Each structure stands twice: as structure tokens, then as C-alpha cells.
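This report concerns only the one structure given below.
Number of protein chains: 2
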Amino acid sequence: MLETEYTLAPIGILHSPLKQRERAPMQGGEGAPDAWLDVNATVAAGLAGIEAGQEIILITWLHQSQRDILQVHPRDDTKQPLRGVFATRSPDRPNPLGLHRVTVRAIAGTRLDVGPIEAIDGTPVVDIKPVLAQSADA
Amino acid sequence: MLETEYTLAPIGILHSPLKQRERAPMQGGEGAPDAWLDVNATVAAGLAGIEAGQEIILITWLHQSQRDILQVHPRDDTKQPLRGVFATRSPDRPNPLGLHRVTVRAIAGTRLDVGPIEAIDGTPVVDIKPVLAQSADA
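Taken in order, these protein sequences are the chains called A and B.
The numbering of the first sequence is the numbering used here, which starts it at 1 and goes up by one.
The numbering of the second sequence is the numbering used here, which starts it at 139 and goes up by one.
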């Protein structure tokens, strides 16, 4: 079972003014901009019920990540001891999935204006989920 | 870009007393049990820093899901109108990723006792992330 692999297909792509990973904030709440999520027409029926003003969770594929890194210095601070990537939000990890809680600012057809979000321009999105009212979490 | 595919490899597997999807609660807070997460030895170095008592987010691969479903009746209630899967937590969705906020009950080597979690026995786990202190969310 552990040798199995699974295939993800993007459901959309982010268009952001952030062009380089090096310049991106580490979390959305740290001065990140809004971005457009352009949803693939083939899955756009899955958006029915999402409304402007709502909070949603985007799961992204952090396409510039290194997948062979298992420990990092938190927040790139080499004065901090190495930690396992599963104890951090480092984009470098075996399966480079990003988790972003954002507000839907506006919806125009299959495009959602969302933010704030620290993911860079061109980041593929692989899933969208509502924030659950009873737990305010993932 | 939207035609690209990405490959996920499990980093571990859940061992749960829940054996059938039909009997699983819909969310962890709805009477779900604890489960053991057995982490693959090849990525176990990534666990360094995770501690008992901490809240973490597991991202699972919901391996029994149907990927061609774009709209569902929320909570399987046919009296409710169809909604897009991205506006629900339905396991049936184009990329069947599950998001579970759990407490680490105990750690024994590469096994984490976590819960409560509604995922069934044998569910592959593809990522682990800490809950961020500043936002209590995903």
C-alpha cells in the first residue's frame, strides 16, 4: 500500500501579483495580496454554492518545492534548530501541498477573487473546501 | 498547465476501528474514534518536533471516493438541493483529499495516536501540518 502512488490533476490556477517564491510572505496573514483563481471549465459545476464573502480553504500544489527535504530551520532562521517538515508549514516536503484559508472577495463566472494568499503566480489549485462552521478549522 | 498531473506518494497509513465508509461519521467531531497513524520509515525524520498534546492537520487520500462527481446533496440528504462538491466536504470530488484536524494523543516511534478522526481503516495519509497558532485554521 505504501508503495502506491496517486495522481492529482489541477482544478484551477492562481493568478497573483506575487511572481517569485523568494519574495512571497510565509503566510497569507503576513501582508499577502489577493489573487484570482481561474477554475477549469471541466470542474466548474463543483463551485455551485460558493458565495462572495465566504471563507474557503484552498489546497494548492506548491510546484516549486523540493520533495526530498525532511527537516528545515523554521521560517528559514538558521538560529532555530532543525525541525521535521511535518512540524512546520515549509513548502519543501514529500507531498508539497499548500493549505490556505482565504475569503472569497468576488465571483465572476469560473473565476474567484480570493485572499489574502501567499502562493505565487501560476500555483496550481487541486481542491477547494468550505470552512466548517462548527470548528473554524481545517 | 491545466493538463499537467502531479504524483502523490503516501507518507503513512491510518489504522482505525472504522472499517466501512458507510458507517463512518461525516466529521471527526461527530463521534469519531481515535486512530493510529503509521508513518513510513523513509519520511519519519519529518516528524521531529511533533509532540503529544499538539493539534495537527492530516491530509488524507480518500481512496474509496468517486472522482467524477461534481455535485452532491449535502450530508446525503436528498431533500437538500444539489451543491457543488467544492462547497461541501464530500469525499467524492475530483482530487479526493481529506482534511482532518486532530489531537496527537501519543507518539511511539513512527506511530502517532491521533483523533478524533472519521477516516476509515487503511486510509493513506499524504501530509501532516501543524495548526498555526495565529489563526486556529487550516
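Here a beta-carbon is modelled for each residue, glycine too, at the ideal position from N, C-alpha and C.
All of these numbers come straight from a predicted model, not from anything done at the bench.
Across the region 51-78 of chain A, CB contacts with chain B closer than 7 Å involve Ile57, Ile59, Trp61, Leu70 and Gln71, in sequence order along the chain.
Of all residues in the region 148-173 of chain B, only Pro148, Ile149, Gly150, Ile151, Gln165 and Gly167 come within less than 8 Å of chain A when Cβ atoms are compared, listed by chain position. Between the region 38-57 of chain A and the region 152-164 of chain B there are fewer than three inter-stretch CB-CB distances shorter than 8 Å, so the stretches are not counted as touching. Interface flag for leucine 175 (chain B) against chain A is unset, since no Cβ pair is found closer than 8 Å.
For the region 80-104 of chain A, there is no continuous beta strand (DSSP E) assignment of 3+ residues that stays within its boundaries. The beta-carbon distance between aspartate 259 (chain B) and isoleucine 197 (chain B), rounded to whole angstroms, is 18 Å. This is too long to meet the 8 Å contact definition. DSSP places proline 262 (chain B) in the strand class (E or B) of the three-state scheme. Bridge partners of proline 268 (chain B) according to DSSP: B:Ile194. With a threshold of 8 Å between beta carbons, valine 43 (chain A) makes contact with chain B.
In chain order, Phe86 make up the part of chain A whose C-beta sits under 7 Å from the C-beta of isoleucine 266 (chain B). For a cut-off of 8 Å, the C-beta gap from serine 90 (chain A) to valine 104 (chain A) is around 27 Å, too long to register as a contact.
DSSP, read as helix, strand or coil, puts glycine 115 (chain A) in strand. Apart from sequence neighbours up to five positions away, the residues of its chain that approach threonine 226 (chain B) with a beta-carbon distance below 8 Å are Val210 and Pro212, ordered along the chain. When 7 Å is used as the limit between beta carbons, threonine 261 (chain B) is near no residue of chain A, the shortest such separation being about 10 Å. Approximately 6 Å separates the beta-carbon atoms of proline 33 (chain A) and proline 116 (chain A); this is inside 8 Å, confirming the contact.
In its chain, beyond the 5 residues on either side, Pro262 and Val264 have a beta carbon closer than 6 Å to the beta carbon of tryptophan 199 (chain B).
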